[in-house]
Amino acid sequence: MKKIIVFVSLLFAINSFATDGKTLAKQLGIGASSKASSQWERVFKKTKKMKKFGIDTLSDADKAELKKYLISHAADSDTPEAAGM
Amino acid sequence: MKKNSILISIATAAILSSSACGSDLDARIAKLEQMVLAQQQIINDLKKDSLQKKEMTDTLESDFEELDERLETVETKSLTDKIQLGLGMRVEANSVNTTYADGSNPAVEDTIWRTKLNINMKAKIDENLKFTGRLSSYKNWGDSNTDTSAYATIDSRQGRTPDNSSAIYLERAYLDWSMNPKSYIPVTMTLGRQPSSDGPSYQIKEGMTRKGTYDALAFDGAADGIVFTANLNKMIQSTSARIAYGTPSNTSNNGSATSTVEDTKVTGIFVDTSFDGIGSDNLVQVYHVMAKDFNADSSGVSGANDINVGDFDVSGLMFEVSDLNNFDFFVHYARSLAKPNGKTMDMSTMGGSPTTGLLTSSANDTDDKSGHAIWLGARYNFVNDWSVGAEYNKGSQNWFSFTYAPNDPLNKLSTRGTATEVYVSKAINKYANIRLGYVDIDYDYTGSGQHLGTPMAITSALGTNVIKEKQNTYLTFNVLF
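One line per chain: the protein sequences are Y and H, in this order.
One rule links them: number in the numbering used here = place in the first sequence (from 1) + 445.
One rule links them: number in the numbering used here = place in the second sequence (from 1) + 633.
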């Protein structure tokens, strides 16, 4: 049990060094479901389009995180289902 | 003479001066002419440019008009496509090995091939009203006989568990009505056949997003009902509370008053919350579910299901995290509490007790029976689309919950004993994956997944009457598009 606690704590500690895609999207005011995944792919291919969303100023690591989040939550992605959601 | 010389000099100078002035003027005139010509050239160029631009503007205007027409065509199509359809499909092969309490094995079953089809439907009817549905068929390969087993009549299993036909069932069909979207606490009412199956954390193994409302350890199956979801975001970030009501076993649908048995009524309270910065998504759910007037539901025993056997509660909490440094993991804990009302029925023709009640085999037994279960799991996603995962669950003697119809042939979460599962999965593209897995179940008590009769410790003395172990090696091909 002790090992599990240490392992989980370590995971949380490592995670705290990176900004996750959801937080970045929230900070930039981007709604992932406003575009389909292929449209988000196009945004990340052109600096001009990235600039429009303020993505161009992010580090490469943050861009990758944000891209992953936006594509996985895009309008045509697998969306969560629950009552009232 | 001197005077004449002076006059001649002056005249000459004047003439020379006059000549110089004329030459300068000519040069200036020539320069001006050049400038005028240059200006004229610029004006001509501008005129030409202007004409070209006008032509371009005319072309663009024409293009815009054409685009507008085309966009309107697309918009019209989009507005008239009232229901958006999606596909879910799973083809699976299961190879199940069974061991009886005395250690013997029955004849090994051949590999069981099955196909599950989900036709998913969505429609945004208006800003405050949307529809979600799922039609499903789940059939064994090469078998089109009508299922006459007792389970075929259980409502929550329709479309959820494999059938001997290719019938299409209504697995989900519900409306979400946002009743007061601008209020401090917006409430959404969800009416119809609910998203009550494949709930958290079932989706982690499947590599999908959340597909149901309720903790899969407590509730997994189709269910009709009404749910009120209060969005508490303005009070507590990412938090919602739900009150659910349903009647999983309704005995008087035709309006006649011939039945003496009460309908089972299920009420539940659920609170969901999540935290920023822990994985890409995470969920905490705390709940309490109460089933009143639980039916015996022993279809197949003549007249025996016409009694209520008592009340039943399930409470629990769960925590799951997705994509935390490529890890997904979850922890669930639940407690069940059966409150038999002392009524029993005779199930001796089915190998049961002549006095079978809610988790009891004694007549007039009204003692509470509590059980509990834990379910843990983790999945690691490699960058090359491979992932590996493991799950573990353990249930106590009296553990029981509403997992009537899971997408799992062994219903491992109902186990009164220990179940472990390992799997490896490979994403073929963003819509499909293949998974190879192995499930091992070691039953400690009889009757896993059943609410009738006293669960007995499994000893070798029980011989071939009960199953001690089950293993399933499976291969699935999943598509969600």
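Backbone N, C-alpha and C fix where the C-beta goes; we use that ideal spot for every residue, glycine too.
With distances taken between CA atoms, H:M923 lies nearest to H:S1034 out of H:F1110, H:S1034 and H:T1106. Among the residues of chain Y, those whose CB is under 8 Å from the CB of H:M841 are D523, following chain order.
By the beta-carbon neighbour count (other beta carbons within 10 angstroms, threshold 16), H:T821 is buried. Around the Cβ of H:G949, a 10 Å sphere holds 16 or more other Cβ atoms; the residue is buried. Within the segment 1028-1039 of chain H, no residue places its CB atom closer than 9 Å to a CB of chain Y. In chain order, E526 and A527 make up the part of chain Y whose C-beta sits under 7 Å from the C-beta of H:G845. For H:D909, a Cβ of chain Y is located within less than 8 Å of the residue's own Cβ.
Only exposed fits H:N997, as fewer than 16 other CB atoms lie within 10 angstroms of its CB. Taking a Cβ-Cβ cut-off of 9 Å, the neighbours of H:Q827 in chain Y comprise A528, given in sequence order. Residue state for Y:K493 is assigned as helix, using DSSP reduced to three classes. In this structure, the beta-carbon distance from H:Q827 to H:V860 falls below 8 Å. The closest CA to that of H:G1028, considering only H:Y1076, H:S981, H:A1038 and H:P987, is found on H:Y1076. Within the same chain, and ignoring the five residues on either side of H:G766 in sequence, the residues whose Cβ sits closer than 7 Å to its Cβ are M754, R805 and A806. Listed along chain H are S913, each with a C-beta nearer than 8 Å to that of Y:G466. When beta bridges are read from the DSSP output, H:G901 appears opposite H:A877 and H:V922.
Here DSSP, grouped into helix, strand and coil, assigns H:M668 to helix. Beta bridge pairing from DSSP links H:V942 with no other residue.
Contact between the segment 1087-1107 of chain H and the segment 734-748 of chain H is present, with at least three C-beta pairs closer than 8 Å.
Contiguous alpha helix (DSSP H) elements confined to the segment 817-869 of chain H occur at 835-839, taking only those with 4 or more residues.
If the five residues before and after H:W1019 are omitted, its C-beta is found closer than 6 Å to the C-beta atoms of K1059, all from its own chain and listed in chain order. Around H:T862, the beta-carbon contacts reaching into chain Y at under 7 Å are A528 and G529. Residues of the same chain with their beta carbon placed closer than 7 Å to that of H:I676 are lacking, with the five preceding and five following residues left out of the count. Taking 8 Å as the cut-off, the beta carbon of H:A740 is found no closer than this to the beta carbon of H:Y1107. Within its own chain, no residue has a Cβ closer than 7 Å to the Cβ of H:D743 once the five positions on either side in sequence are excluded. Apart from sequence neighbours up to five positions away, the residues of its chain that approach H:K757 with a beta-carbon distance below 7 Å are K763, ordered along the chain. Listed as beta-bridge partners of H:Q717 by DSSP are H:K755.
Using a CB distance cut-off of 8 Å, H:T821 counts as an interface residue toward chain Y. DSSP places Y:E486 in the uninterrupted alpha helix (DSSP H) bounded by S482 to V488. With respect to chain Y, the C-beta atom of H:R723 has no partner C-beta closer than 8 Å. Around the CB of H:P881, 16 or more other CB atoms lie within 10 Å, so the residue is classed as buried. Taking one beta carbon from each stretch, the segment 504-516 of chain Y and the segment 840-851 of chain H have fewer than 3 pairs nearer than 8 Å; the two do not touch. A distance below 8 Å separates the beta carbons of H:T1087 and H:L992. DSSP, read as helix, strand or coil, puts H:A660 in helix. Rounded to the nearest angstrom, the gap between the Cα atoms of H:D1000 and H:L808 is 40 Å. The shortest C-alpha to C-alpha distance from H:A1006 to any of H:L670, H:N1017, H:R1012 and H:Y1025 is the one to H:Y1025. The three-state reading of DSSP puts H:A1060 in strand, counting E and B together.
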